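Below: the structure, in structure tokens.
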Amino acid sequence: MGLFSFIKEAGEKLFGGKEVEAAVTKAATDATAKPSLDALNAQAARAIETYIASQKLGVEGVHVDYDGATGTVSVSGQAPSQEALEKVTLCCGNVASVKQVNNLMAVAAPAPEAQYHDVVRGDTLSAIAKKYYGDASKYPKIFEANKPMLSDPDKIYPGQKLRIPAL
1 MGLFSFIKEA
11 GEKLFGGKEV
21 EAAVTKAATD
31 ATAKPSLDAL
41 NAQAARAIET
51 YIASQKLGVE
61 GVHVDYDGAT
71 GTVSVSGQAP
81 SQEALEKVTL
91 CCGNVASVKQ
101 VNNLMAVAAP
111 APEAQYHDVV
121 RGDTLSAIAK
131 KYYGDASKYP
141 KIFEANKPML
151 SDPDKIYPGQ
161 KLRIPAL
């Protein structure tokens, strides 16, 4: 699927991002700090794996690697559909301290990729639907495409990346 960029400061706070950043800085000048950084990266990767599993997307064999130095998540495994594959990308990227997601997952039922929208201050799902579909009343399509990560159509935040499926 490729490499996707996200806003590092936005998203779910699943692990101690500041702690990882401090360990990255320390490991740059102190080789003895590398085992601590490796442990924090592994802890962050497990937290992201747990978050993906909690979304019940039907993906199998999910493995996540996190590199705190670059803020990059690499995820592999098997997705049952293009939609599930894209939702895994969003699960990984809409996490605080993640700047990029390299989705290496295989997909059982390939389909055309959805568009994406980076939420900015003042955005609403209705306004986003108007922009992409020409009809604000089609916002439930965007809401459904981003479930279960979105629990309420009124709870989106700046920096969040949303899937915009074709009509």
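With full-length UniProt numbering, letter number 119 in the sequence shown gets 119, and the count goes up by one each step, no holes. We put the beta carbon where it would ideally sit given N, CA and C, even for glycine. The structure displayed is predicted, hence computed values, not measured ones.
| Query | Result |
| --- | --- |
| Contacting residues, own chain, Cβ-Cβ under 8 Å from residue 23 (five flanking each side not counted) | 33, 36, 37, 40, 68 |
| Reference residue 93, options 80, 20, 141, 160, closest by Cα | 160 |
| Integer Cβ distance of residue 44 from residue 20, believed to fall under 8 Å | 6 Å |
| Residue 129, buried or exposed, once every other Cβ within 10 Å from all chains shown has been counted against 16 | buried |
| Unbroken alpha helix (DSSP H) run spanning residue 87, endpoints | 82-93 |
| Contact between the segment 79-94 and the segment 118-132 (3+ Cβ pairs under 8 Å) | no |
| Range of the contiguous beta strand (DSSP E) that encloses residue 6 | Note, residue 6: premise wrong, no beta strand (DSSP E); not H, not E. |
| Status (buried if at least 16 other CB within 10 Å, exposed otherwise) for residue 155 | exposed |
| Cβ-based neighbour list, residue 116, same chain, cut-off 6 Å, excluding 5 preceding and 5 following | 161 |
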